[in-house]
Amino acid sequence: MRVPTTAPALEIDGLIKDFGPVGSLDGRMVRVLDGVHLRASHGAVTVLLGANGAGKTTTLECAQGLQRADGGVVRLLGQDPYRASPDLRARVGVMLQDGGLPPSVRPLALLRHVASMYSDPLPVDDLAGRLGLDEFGAVSIRRLSGGQKQRLALACALVGRPEVVFLDEPSAGLDPQSRTIVFDLIRELRADGLAVVLTTHLLDDAQKLADYVYIVEGGRTVAEGTVAELTADSETDGIRELRFETVPGLTLPPGLLPHLHQLESEPGQYVLRGTLTAEDVAYLATWWASCGVMPTAISLAPRSLEDVFLDISGRSIR
Amino acid sequence: MSSPDTASGLPAAPLPRGRTTSGTAAPLSARVLRHGGYEALAMLRNGEQLVLAIVLPLLALVALVVTPLLDAYGPSRIDVAAPGVLALCTMSTAFTGQGIATGFDRRYGVLRFLSTTPLGRSGLILGKAVAVAAVLAVQLVVIGGAALLLGWSPRPEGILPAALLLLVGSAAFTSLGLLVAGTLRPEATLAVTNLVWILLAAAGGVIIPATGLPAAVEPFVSILPSSALGDGLRNALVDGALDPLACLVLLAWATLAGLAAIRWFKWS
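So the protein lines, in turn, are chains A and B. Numbering-wise, our numbering comes out as the position in the first sequence, counting from 1, plus 2. Numbering-wise, our numbering comes out as the position in the second sequence, counting from 1, plus 12.
Right, dumping it as structure tokens:
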């Protein structure tokens, strides 16, 4: 295990970032970050969740030293990332959203080259085997699939034995095989004491991986907490979704359960969304009986991160 | 924590570890030399760049020896031709080749990624300079060797001044290439660096001395880095003299282009 530290691996407070001047706005500056707050600890997966354009990538770029903050505080392992020394950069692994991989190079040649920037890198062959890079080691990077490129970019981020890893949309373009590999690896990194900071617009990713979630919207942190904290709802029993399967073509009679949003997602597959109580379920059962149908499957789901996101931002994440 | 990796069909071996401390950077010199070697190999493996760096200069050398183009500028065709072709090599590697490679690396985010590794931005630039020097060394051996076979006899006392001019000249053209690559789209960089290379090669005092151009354009051409390098190398290798004006012109271009690149280069 790594030496436990109490100081957070990454601290961001009141982060402000302006872009511009933008020609289409008469040369005005555009404020893309306006008060992002974030803490990431060792041994935890910290997730920045937000819609496209919410400011996740810009926040990461400020934390990685690729952008200079226009205001606020950014401390990476206690230091200013924009003025990072080579030794600080050696303790931090970065996987960019677009990968940053040269298309004409072969995957293992690139990984070896990145490894050569460190005095004590992970053995390249072991890492390549673990991420399945040797399956496609003989072709140039431009011929790789999206998932293969993501795995290579992840290997490049890890080869220097970092203690902080930034992963910008790590599941983008992943096939199921790559997704399993990458998600297992992320959990392993956490178990190994690394601070993992990742962005995603996929609620499923956040729900599966996150120890702590920051929801970013409009360039600021609008909510934070564990998934359990964020989805806890004190005002209701928290059930937000009921699904059932039966004959196609049913419609709730007007006036029955008006507070629920109903949808026949596929013929015979029904979804009811909203705050559900036991009484609502009783009404439903009565209605089924009056129609003479018996559902073949019924499931209830608690408030999801998606509901949280909708409540906070008033819009869907996608 | 991690479940057996059955879906992937890969062994779920733990991450290779065996160390408790976290990453440390390789020494600066190792990082810069390794990156220089990596970029030099990438340049030499690229077919188009190889044509630009080796084939075209060789063709130019042979053409200048078998045609009377340079007869007005000295008694020996090859003695006048070889320094000019070496100047052409410097331009093709430091400006065109390096500029195009940097432009596309910028497009693909390679510059941003590498700047987050211990290499960093300064290491990346220093590595590019090393790569240019390494490729130029290969060109010197190949083109110089071919020229010697064709009867080239450079003045020995001119070798040191020539080396100095090549050094400052490649600094100037590398800075210019970075300036173009860091401010324009890669397609535009490709077009601009190739076009400028052709224009300077034809009428920039590289192969044909600036004094051979029409009197109206000569003063303008002689302050170009191409002419300073071409004429400076000819002065050194034909007459054995260091041309201080050529040196100053190249230094000025290196400084101005370097400062401009620092000011305007966009990493993403």
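Glycine is no exception: its CB is placed at the ideal position from the N, C-alpha and C atoms. Bear in mind that the values here come from a model prediction, so they are computed numbers and not experimental data.
M55/B: member of the alpha helix (DSSP H) spanning 40-57, first to last residue. The beta carbons of L232/A and V310/A sit about 5 Å from each other, so the pair counts as a contact at 8 Å. Residue range 30-42 is occupied by the beta strand (DSSP E) that includes R41/A. No Cβ-Cβ contact shorter than 8 Å links V96/A with Q69/A. For D170/A, no CB of chain B lies under 8 Å from its own CB, so it is not counted at the interface with that chain. Closest by C-alpha distance to R145/A, out of P109/A, R85/A, D122/A, L27/A, is P109/A.
Across the set M103/B, A184/B, A99/B, T128/B, the C-alpha of T128/B shows the shortest separation from the C-alpha of L98/A. By DSSP's assignment, F21/A forms a beta bridge with V32/A. Residue environment: C293/A is assigned as exposed (fewer than 16 neighbouring CB atoms within 10 Å of its CB, all protein chains considered). Contact between L249/B and R167/B holds: CB atoms are separated by about 6 Å, below the 8 Å threshold. In the DSSP assignment, the residues bridged to A299/A are E247/A. Around the beta-carbon of T228/A, fewer than 16 other beta-carbon atoms lie within 10 Å, marking it exposed. The beta-carbon of Y120/A is placed less than 8 Å from the nearest beta-carbon of chain B.
F168/A and V32/A have their C-alpha atoms some 25 Å from each other. If you look at Y272/A, you'll find it isn't in any alpha helix (DSSP H); it sits in the beta strand (DSSP E) that goes 271-275. Residue burial annotation: D186/A is buried, with at least 16 other C-beta atoms found within 10 angstroms of its C-beta.
Of the residues T223/A, D194/A, W289/A, F246/A, the one whose Cα lies closest to the Cα of V47/A is D194/A. One thing to note: L113/A has its Cβ within 8 Å of the Cβ of A130/A. Sequence-ordered contacts of the segment 33-62 of chain A with chain B are nonexistent [C-beta pairs closer than 9 Å]. Per DSSP, the continuous alpha helix (DSSP H) segment holding F125/B begins and ends at 122-128. By the C-beta criterion, the segment 108-125 of chain B is judged not to be in contact with the segment 251-269 of chain B, since fewer than 3 inter-stretch pairs fall below 8 Å. For P88/A, the nearest CB of chain B lies under 8 Å from its own CB, placing it at the interface with that chain. When the Cα atoms are used, L154/A and L268/B turn out to be separated by approximately 39 Å.
Taken through DSSP and simplified to helix, strand or coil, T195/B comes out as coil.
Of the residues L40/A, P88/A, A11/A, the one whose Cα lies closest to the Cα of Y216/A is L40/A. Between the segment 129-142 of chain B and the segment 171-181 of chain B, the count of C-beta pairs closer than 8 Å stays below three; the two stretches do not touch. Counted as a single uninterrupted DSSP element, the stretch harbouring D255/B is not any alpha helix (DSSP H), since DSSP gives it neither H nor E. For I137/B, the enclosing alpha helix (DSSP H) stretches over residues 132-161.
Taken in chain order, the members of the segment 123-149 of chain B whose beta-carbon sits within less than 9 Å of a beta-carbon on chain A are L123, R124, F125, L126, S127, T128, T129, P130, L131, G132, G135.
The Cβ atoms of R242/A and T277/A lie closer than 8 Å to each other. Looking at the DSSP output, M97/A sits in a beta bridge with L169/A. When secondary structure is reduced to three states using DSSP, Q150/A falls in the helix class. Proximity of G139/A to chain B, defined by a Cβ-Cβ separation below 8 Å, is not satisfied.
Residue range 110-119 is occupied by the alpha helix (DSSP H) that includes G111/B. For L12/A, the pairing in a beta bridge is given by DSSP as A42/A, L78/A. Approximately 6 Å separates the beta-carbon atoms of L124/A and R163/A; this is inside 8 Å, confirming the contact.
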